[in-house]
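These notes concern the structure reproduced below.
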């Protein structure tokens with residue numbers, strides 16, 4: 001009986017699943033069309049088995065479970081098709097099928113154990129059912145394949161057991177094969193495979209999965225936002241169908257594992273954002289319906305089940321509240337943790353672009369900053385001629401006076417208008433002079449890099465600033481740009497290239513580390529030991545892969561670093577990126593306060609920082625708290641002055657004193 005029924009079940013499941021897959025593909029293709037590069041399908045196995053698993057493997061237990069379950073299922077399904085579907089029965093293939101089914105069964109046991117009392121980050125609902133379906137399929141396929149190796153050839157041939165096994169296999173095939181195409185939990189395997197093949201950022205897939213360094217041309221750090229065509233009929237994303245089809249495909253690949261939710265600073269602060277829920281809302285919008293069936297953690301303070309959408313229905317506010325989008329700090333922690341490599345930040349900025357450019361509904365402080373950028377080229381609305389007022393006593397070299405060019409163009413950033421960051425810049429100038437660096441500044445020709453405007457969705461203002469800065473830079477000769485601002489570092493180094501500005505840009509921590517390595521600066525040993533911790537800025541670490549240089553500098557100072565639990569690529573955001581400080585979305589806690597708790601757990605008396613925005617956010621925490629010092633300030637305070645004046649300082653100049 002089973003030998004006759006099984007091929008029918010397998011081919012029927014494949015046919016119905018294929019019909020669902022065609023429907024699913026049509027849902028994806030509702031998005032904006034881009035050229036189909038079919039050759040990328042050949043990349044799928046390598047990306048799935050290698051590139052994807054370097055992220056999954058961060059949780060060893062889950063990685064092993066996934067290998068056993070997914071690997072066992074793929075092998076068991078392929079062998080079942082050959083053995084039972086096409087009737088190529090022999091003991092060797094039967095033994096392999098039994099082994100694959102057993103492997104899947106072991107993995108399914110681990111999945112079921114985790115689902116007995118699942119952690120809060122996991123979605124429940126159909127996902128609770130999936131774990132049992134995995135067991136059903138693996139057990140059913142194992143038992144019906146036993147006769148292939150000479151076990152119980154008559155017992156399994158008919159009777160009640162055959163009916164039970166048929167029912168179990170129907171259950172398993174419906175969930176594992178039919179559901180893969182028709183939108184059950186297993187759709188993540190179907191959508192995920194295609195997502196990896198047609199990913200919008202193919203640079204994320206390479207053979208080097210170590211954290212990339214400061215070189216902007218290295219792979220695996222594709223983090224620049226995609227430029228917006230300002231001549232398009234609609235600017236930004238108003239409705240799900242406005243996303244590119246690859247983005248809709250990526251949303252559909254979500255496994256609802258909650259890793260993004262666990263690392264999101266806005267969610268932890270009780271602000272109305274949960275990146276997992278946001279991606280699921282985009283799936284609802286793509287397919288049509290409401291979020292009532294969502295079975296995971298929602299947006300803090302927003303009830304699940306009251307929102308709905310469709311492919312051509314506006315996203316805000318029917319499907320997603322505007323506050324949800326403005327709560328994002330664009331820190332990319334969610335993107336870094338996602339095992340399916342979904343690009344949450346791209347989607348959020350795309351939707352912000354529509355709100356800002358088409359509806360003009362940017363939060364009040366953000367709108368004021370954009371107005372100032374338009375009027376004065378800086379978000380504070382200050383006179384650009386005052387950009388160097390803080391350095392009136394430093395006789396800063398101007399690149400306009402150096403027609404032969406310089407080695408380093410020092411990009412000040414809009415921290416030049418902030419009294420706190422001016423201390424960092426003065427320290428950096430002292431270091432450059434101590435190291436004999438040939439440098440100069442643009443002075444009042446430097447404008448805002450456009451980072452804030454772009455993250456707030458005002459692509460038009462960003463592109464105007466980028467084009468003006470690129471035109472200015474094209475008039476001068478320099479080898480590289482050095483800046484103490486990771487946001488300027490990222491924009492100049494990674495995002496200006498799309499507009500014709502290709503520069504070698506170094507963060508000041510990287511450049512200072514090079515000065516130490518070259519023996520061009522030396523420092524005194526600390527007078528007394530102290531505990532120091534280092535806060536990784538998002539736009540230096542996750543966006544650009546520079547984690548080592550700041551720690552090298554601290555080591556050169558003779559300091560031991562007590563690492564926070566969340567450091568490196570898993571560092572907690574300070575809350576200052578992506579315009580979040582301007583949108584000022586309320587929550588139950590402040591993100592910088594949570595980061596300071598991370599600091600206190602280390603027992604550190606000093607927090608080393610490497611970003612003016614991180615400095616401002618952490619110094620905004622109510623005292624008592626550890627002191628906050630930029631790496632440049634720490635180095636400048638410990639410098640041993642060279643005997644001879646550097647080439648960038650006259651012999652009559654006195655060394656600049658920098659506060660500790």
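In full-length UniProt numbering, the protein residues as written are 1 to 660.
Glycine residues also receive a C-beta, built at the ideal position from the N, C-alpha and C atoms.
Original post:
For the region 276-304, which segments carrying the beta strand (DSSP E) assignment without a break, of at least 3 residues, lie completely within its bounds, in sequence order?
Top reply: none
- Task: Could you tell me how far apart the beta carbons of residue 140 and residue 96 are, in whole angstroms, since I believe they sit closer than 8 angstroms?
- Result: Here residue 140 refers to the residue found at position 140 when the chain shown is read from its first residue. Here residue 96 refers to the residue found at position 96 when the chain shown is read from its first residue. With a Cβ gap of about 17 angstroms, residue 140 and residue 96 do not count as contacting.
- Query: Mind pulling the alpha helix (DSSP H) runs of 4 or more residues that sit fully within the region 419-500?
  - Reply: Runs of the alpha helix (DSSP H) inside the region 419-500: 419-434, 451-455, 459-473 and 486-490.
Review point. What span of residues does the beta strand (DSSP E) with residue 269 cover, start to end?
Key: In the chain shown, residue 269 corresponds to position 269, counting from 1. No beta strand (DSSP E) holds residue 269; DSSP gives it neither H nor E.
Check your understanding: Any idea which residues DSSP pairs residue 534 with across the strands?
Key -> Within the chain shown, numbered from 1, the residue matching residue 534 stands at position 534. For residue 534, which the question treats as bridged, DSSP gives the partners 608.
Practice prompt. State the CB to CB distance for the pair residue 352 and residue 325, rounded to an integer number of angstroms; the pair is presumed to be in contact (CB under 8 angstroms).
Written response: Taking the chain shown and counting its residues from 1, one reaches residue 352 at position 352. Taking the chain shown and counting its residues from 1, one reaches residue 325 at position 325. Their Cβ separation, rounded to whole angstroms, is 6 angstroms, which keeps residue 352 and residue 325 in contact under 8 angstroms.
> Which residues in the same chain as residue 198 place their Cβ atom closer than 7 angstroms to its Cβ, once the five residues preceding and following it in sequence are excluded?
Replying inline: Residue 198 sits at position 198 when you count from the first residue of the chain shown. For residue 198, where only same-chain residues beyond five positions count, the Cβ hits under 7 angstroms are 40, 246 and 249.
Check: Which one of 180, 537, 548 and 587 has the shortest CA to CA distance from residue 616?
Finding: Here residue 616 refers to the residue found at position 616 when the chain shown is read from its first residue. Closest by alpha carbon: 537.
message = Am I right that residue 491 and residue 516 are in contact with their C-beta atoms under 8 angstroms? What's the rounded C-beta distance?
response = Walking along the chain shown from the start, residue 491 turns up at place 491. Walking along the chain shown from the start, residue 516 turns up at place 516. That belief does not hold up - the Cβ atoms of residue 491 and residue 516 are roughly 27 angstroms apart, past 8 angstroms.
Look at the alpha carbon of residue 700 and the alpha carbon of residue 468, and state the distance between them as a whole number of angstroms.
The structure shown does not extend to residue 700, since the chain is modelled only from 1 through 660, so no value can be given for it.
- request: Report all residues from its chain with a CB closer than 8 angstroms to the CB of residue 67; omit the five preceding and five following residues, and keep chain order.
  value: If you number the chain shown from 1, residue 67 lands on position 67. Same-chain partners within the cutoff: 53 and 107.
Query raised in the report: Smallest Cα separation from residue 382: which of 150, 368 and 221?
Result: Along the chain shown, one-based indexing puts residue 382 at 382. Ranking the options by Cα distance to residue 382, first place goes to 368.
query: Mapping DSSP to helix, strand and coil, what is residue 684?
result: Absent from the model: residue 684. The displayed extent of the chain is 1 to 660, so no value can be given.
(message) Less than 7 angstroms between the C-beta atoms of residue 21 and residue 181, yes or no?
(response) Your numbering for residue 21 matches position 21 in the chain shown. Your numbering for residue 181 matches position 181 in the chain shown. Yes, Cβ-Cβ distance for residue 21 and residue 181 is below 7 angstroms.
Which residues does DSSP list as the beta-bridge partners of residue 707? No statement about residue 707 is possible, as the shown extent of the chain runs from 1 to 660 and does not include it.
Exercise. Which residues in the same chain have their Cβ closer than 6 angstroms to the Cβ of residue 539, if we skip the five residues on either side of it in sequence?
Worked result: Looking up residue 539 in the chain shown gives position 539. The residues are 486, 487 and 490.
Cα separation between residue 371 and residue 379? Locating residue 371 in the chain shown gives position 371, where the first residue counts as 1. Locating residue 379 in the chain shown gives position 379, where the first residue counts as 1. Whole-angstrom Cα-Cα distance: 8 angstroms.
>> Considering only DSSP beta bridges, list what residue 628 is partnered with.
In response: As a working note, residue 628 is residue 628 in the chain shown. Paired residues: 607.
Next on the checklist: Report the start-end ranges of each beta strand (DSSP E) in the region 532-575 that is 3 residues or longer and not cut off at the edges.
Outcome noted: Annotation note: the region 532-575 contains the following uninterrupted beta strand (DSSP E) runs of length 3 or greater, listed N- to C-terminal: 532-534.
Just checking my contact of residue 327 with residue 585 at CB under 8 angstroms: how many whole Å lie between their CB atoms? Within the chain shown, the letter at position 327 stands for residue 327. Within the chain shown, the letter at position 585 stands for residue 585. Their Cβ separation, rounded to whole angstroms, is 4 angstroms, which keeps residue 327 and residue 585 in contact under 8 angstroms.
* To do: With a cut-off of 8 angstroms on the beta carbons, I'd call residue 94 and residue 11 a contact; round off their distance for me.
  => The sequence position of residue 94 within the chain shown is 94, counting from 1. The sequence position of residue 11 within the chain shown is 11, counting from 1. No, residue 94 and residue 11 are not in contact; Cβ-Cβ is about 20 angstroms, not under 8 angstroms.
inquiry  = My output table needs one value for residue 506: the three-state DSSP class, helix, strand or coil.
reply    = Residue 506 sits at position 506 when you count from the first residue of the chain shown. Residue state, collapsed to three classes: strand.
Original post:
Which one of 192, 359 and 593 has the shortest CA to CA distance from residue 45?
Top reply: Here residue 45 is taken as the residue at index 45 of the chain shown, counted from 1. Selected option, being the one with the closest Cα: 192.
Note to self: To the nearest angstrom, how far is the alpha carbon of residue 641 from that of residue 418?
What the structure shows: Counting from one through the chain shown, the residue named residue 641 turns up at place 641. Counting from one through the chain shown, the residue named residue 418 turns up at place 418. Rounded to the nearest angstrom, the two C-alpha atoms are 27 angstroms apart.
Residue range of the unbroken alpha helix (DSSP H) whose run includes residue 127 = Within the chain shown, the letter at position 127 stands for residue 127. Taken as a continuous stretch (DSSP letters only), the alpha helix (DSSP H) holding residue 127 covers 126-144.
Problem - Where residue 662 falls: helix, strand or coil (DSSP) - result: Since the first residue shown for the chain is 1 and the last is 660, residue 662 is missing from the structure and cannot be characterised.
### residue 210 (DSSP reduced to helix, strand or coil)
Here residue 210 is taken as the residue at index 210 of the chain shown, counted from 1. Any answer about residue 210 is weak, because its pLDDT of 43 lies below 50 and its placement is not dependable; what the coordinates show is given next. Correct three-state label for residue 210: coil.
| message | On the DSSP bridge list, what partners appear for residue 411? | response | Within the chain shown, numbered from 1, the residue matching residue 411 stands at position 411. Bridge partners of residue 411: 483.
| Which residue from 306, 330 and 28 puts its Cα closest to that of residue 190? | Position 190 of the chain shown, counted from the start, is the residue given in the question as residue 190. If we check each option's Cα against that of residue 190, 28 comes out closest.
*Which full runs of the beta strand (DSSP E) of 3+ residues lie inside the region 308-359, going along the chain?*
none
Expressed to the nearest angstrom, what Euclidean distance is found between the alpha-carbon atoms of residue 42 and residue 77?
Along the chain shown, read from residue 1 onward, the residue named residue 42 stands at position 42. Along the chain shown, read from residue 1 onward, the residue named residue 77 stands at position 77. Near 20 angstroms, if we compare the C-alpha coordinates of residue 77 and residue 42.
Cβ pair count under 8 angstroms reaching 3, the region 418-433 against the region 455-463: no
* Asked: Which residues mark the beginning and the end of the alpha helix (DSSP H) in which residue 193 is found?
  -> The residue given as residue 193 occupies position 193 in the chain shown. Residue 193 -> alpha helix (DSSP H) spans 187-197.
Next on the checklist: Within the continuous alpha helix (DSSP H) that includes residue 77, where are the two ends?
Outcome noted: Residue 77 sits at position 77 when you count from the first residue of the chain shown. Here the alpha helix (DSSP H) through residue 77 covers 60-80.
Below 8 angstroms on the Cβ atoms is my guess for residue 51 versus residue 205; work out the distance and round it to an integer in Å.
Start at 1 with the first residue of the chain shown, and residue 51 comes out as number 51. Start at 1 with the first residue of the chain shown, and residue 205 comes out as number 205. 5 angstroms between Cβ atoms; contact.
**Asked** When DSSP labels each residue in this structure, what does residue 3 get in the three-state scheme?
**Response** Locating residue 3 in the chain shown gives position 3, counting from the first residue. Helix at residue 3.
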